[in-house]
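In what follows, a single structure is set out as structure tokens and then discussed.
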Amino acid sequence: IILSHAKWIANHKKEVPLDYVLIDDGWAHWGDWLSPERKKFPQELKFISGKIKNLGLKPGLWIAPFLVHPKSVLAKEHPEYLIKDKKGNLVNGLIFHRFFSSRKRWILDIRKQEARTYIERVLRVIIKEWGFELLKLDYLYAQHFNPIFENQETPDRLLSDFLEKIKNDYPEIFTIASGCPLKPAISKVDAMRISDDIILPFMKNIFIINRFVHLCRLRQLENNLQKRYQTRLFWNLDPDIFVCGKPFGFNKMQIKRLSDLIKSAGGLKFLGDNLPSLSKERVKLFIVPLFKD
Numbered sequence: 555i556i557l558s559h560a561k562w563i564a565n566h567k568k569e570v571p572l573d574y575v576l577i578d579d580g581w582a583h584w585g586d587w588l589s590p591e592r593k594k595f596p597q598e599l600k601f602i603s604g605k606i607k608n609l610g611l612k613p614g615l616w617i618a619p620f621l622v623h624p625k626s627v628l629a630k631e632h633p634e635y636l637i638k639d640k641k642g643n644l645v646n647g648l649i650f651h652r653f654f655s656s657r658k659r660w661i662l663d664i665r666k667q668e669a670r671t672y673i674e675r676v677l678r679v680i681i682k683e684w685g686f687e688l689l690k691l692d693y694l695y696a697q698h699f700n701p702i703f704e705n706q707e708t709p710d711r712l713l714s715d716f717l718e719k720i721k722n723d724y725p726e727i728f729t730i731a732s733g734c735p736l737k738p739a740i741s742k743v744d745a746m747r748i749s750d751d752i753i754l755p756f757m758k759n760i761f762i763i764n765r766f767v768h769l770c771r772l773r774q775l776e777n778n779l780q781k782r783y784q785t786r787l788f789w790n791l792d793p794d795i796f797v798c799g800k801p802f803g804f805n806k807m808q809i810k811r812l813s814d815l816i817k818s819a820g821g822l823k824f825l826g827d828n829l830p831s832l833s834k835e836r837v838k839l840f841i842v843p844l845f846k847d
């Protein structure tokens, strides 16, 4: 699927001038980043990265560096790497609401040298051995969930030091910060995600609900653009992906509004559709105009 998208992009480079192909969440158990899922990726990521480069594009990879799946090998073999509360319980880093969390992810405690060494080795392999040229670093707020911290100063410093090391060690790598406190990332990342996910993949083809969700997400994106537009002085703005495929349930007015918002951000442009399956008409009507002034 990834390579078919890369080939589509390479074949449409003139009218759709994209530079990167990003492999998003789902390629590995969170925490076990050096062991990609073989069922999804029977060929090594190094092979896929190389194929993308051969098409004249740059490969990118999503990673949540601070979060660990409870059933991961890392969590089982090195629980001492993880943040615990005063009672010794592991802390969940995916709490979106005080009384509700749909899933759990433990938090890597980067105050500990062993934990830092592990994630630094992961990044080194991704960049130097697998050959990826873009990192999308997600859920970067996780260190702020450590209950031992009484204010933001220490987790801000931990995050700032982490991002600065990546920038110093790999200045050639394009970095996108997502789910990230703003202040610690200033001058340390190339782009900043400024809003929630535009689409919820598990709701594809549920058109009635999607229309309402899209309305809310578009309104949120517009509000966040207004609030964070001036931060473009520090990084490229990432307003999330553009989609126009029918399964996502956007009507034509919503697609046009999404396109206008992304263009007004003046930053990153990522496509989230199944590109090879899009009709020529939808590509011409919606995608090509996204890249025109």
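Using this note's numbering, read the sequence shown as starting at 555 and increasing by one per residue. Positions of the beta carbon are idealized from the N, C-alpha and C atoms, including for glycine.
| What's the gap between the Cα of K690 and the Cα of G642? | Here the alpha carbons of G642 and K690 stand approximately 31 Å from one another.
| field | Cβ-based burial, I681 [other Cβ within 10 Å; buried from 16] | value | A residue is called buried when at least 16 other Cβ atoms come within 10 angstroms of its Cβ; I681 meets this threshold and is buried.
| query | Going by Cα to Cα distance, which pick from E707, K567, N646 and D814 is closest to R659? | reply | That would be N646, whose Cα lies nearest to the Cα of R659.
| task | Just the C-alpha distance for M807 and L815, rounded to the nearest angstrom, thanks. | result | Taking the straight line joining both Cα atoms gives about 12 Å.
| query | For the beta strand (DSSP E) that contains A582, what are its first and last residues? | reply | Per DSSP, A582 lies in no beta strand (DSSP E) and is assigned neither H nor E.
| Cβ atoms of Q697 and L712: under 8 Å apart, would you say? | Yes, they are a contact pair.
| Of the residues I649, K561, L736 and N828, which one's Cα is nearest the Cα of R786? | Scanning I649, K561, L736 and N828 for the CA closest to the CA of R786 turns up L736.
| query | Looking at the structure shown, is H651 part of a helix, part of a strand, or coil, going by DSSP? | reply | With a pLDDT of 46 at H651, under the threshold of 50, the predicted position of this residue should be treated as unreliable, though the coordinate-derived value follows. In this structure, H651 counts as strand in the three-state DSSP scheme.
| message | Please list the terminal residues of the continuous alpha helix (DSSP H) segment that includes N608. | response | For N608, the uninterrupted alpha helix (DSSP H) segment begins and ends at L599 to N608.
| Would you report the Cα separation of R652 and I702, rounded to the nearest angstrom? | Annotation note: pLDDT 46 at R652 (below 50); position unreliable, coordinate value reported separately. Each residue's Cα considered, the two are about 18 Å apart.
| query | Under a three-way DSSP split, which group does K742 fall into? | reply | It is coil, neither helix nor strand.
| Beta-carbon gap between C798 and D751 smaller than 8 Å | No, these two residues do not count as a Cβ contact at 8 Å.
| query | Does the distance from the CB of A560 to the CB of I606 come in under 8 Å? | reply | At a Cβ-Cβ threshold of 8 Å, A560 and I606 count as neighbours.
| Residues of its chain near N700, where Cβ-Cβ distance is below 6 Å and the 5 sequence neighbours each way are ignored | Contacts found: I637.
| query | Pick from E569, E687, A739 and R657: whose alpha carbon is nearest that of Y695? | reply | Minimum Cα distance to Y695 is reached at A739.
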